[in-house]
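Numbering (our numbering), first residue to last: 2 to 134.
The C-beta atom is built at its ideal place from N, Cα and C for all residues, glycine as well.
Presented below is the structure to which this report refers.
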């Protein structure tokens, strides 16, 4: 961590103290555990230490210094990025009369509900008469 790493995870597993096996984890800083960011930005290593009581496994995962994660974004001004400034947008007000006249002329005639019901009833009676034959 003193060398500038963003995060570090040390996992010791084995007979650390006592007669039983256990796992101890030591974590400091920012760690990614899964996904593309973990595969891309995390370096990992594994080694074993043979002690008198048994073998201890040591896994170390380090997130490199200077890594820019996907959720960290920087918003720059248009002038800083070399783009021209935006022009002013004018707002035009329109009258309600113009809109209502246009909408009435474009509408197609809608059939009345009675006509639709009558046509559906006729089709149903035709289908029933065909099934009876």
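How about residue i and residue j: do their beta carbons lie closer than 8 Å?
{"i": "residue 22", "j": "residue 7", "result": "no"}
{"i": "residue 64", "j": "residue 42", "result": "yes"}
{"i": "residue 71", "j": "residue 18", "result": "no"}
{"i": "residue 24", "j": "residue 11", "result": "no"}
{"i": "residue 45", "j": "residue 56", "result": "no"}
Have a look at residue i and residue j and give me their C-alpha separation to the nearest angstrom.
{"i": "residue 16", "j": "residue 81", "result": "58 Å"}
{"i": "residue 58", "j": "residue 14", "result": "5 Å"}
{"i": "residue 3", "j": "residue 78", "result": "34 Å"}
{"i": "residue 91", "j": "residue 83", "result": "24 Å"}
{"i": "residue 124", "j": "residue 117", "result": "11 Å"}
{"i": "residue 88", "j": "residue 69", "result": "33 Å"}
{"i": "residue 9", "j": "residue 35", "result": "15 Å"}
Within the same chain, show all residues whose beta-carbon is closer than 7 Å to that of residue i, passing over the 5 residues directly before and after it, in chain order.
{"i": "residue 5", "result": "66"}
What first and last residue would you give for the beta strand (DSSP E) that runs through residue i?
{"i": "residue 47", "result": "43-51"}
{"i": "residue 14", "result": "8-15"}
{"i": "residue 61", "result": "56-64"}
According to the neighbour-count rule (16 or more other Cβ atoms, all chains shown, within 10 Å of its Cβ), is residue i buried or exposed?
{"i": "residue 139", "result": "Since the displayed the chain opens at 2 and closes at 134, residue 139 lies outside it and no answer follows."}
{"i": "residue 33", "result": "buried"}
Spatial neighbours of residue i within its chain, please: C-beta separation below 6 Å, excluding the five flanking residues on both sides.
{"i": "residue 49", "result": "56 and 58"}
Residues in the same chain with beta-carbon distance under 8 Å from residue i, minus the five sequence neighbours each way, listed in chain order, please.
{"i": "residue 126", "result": "none"}
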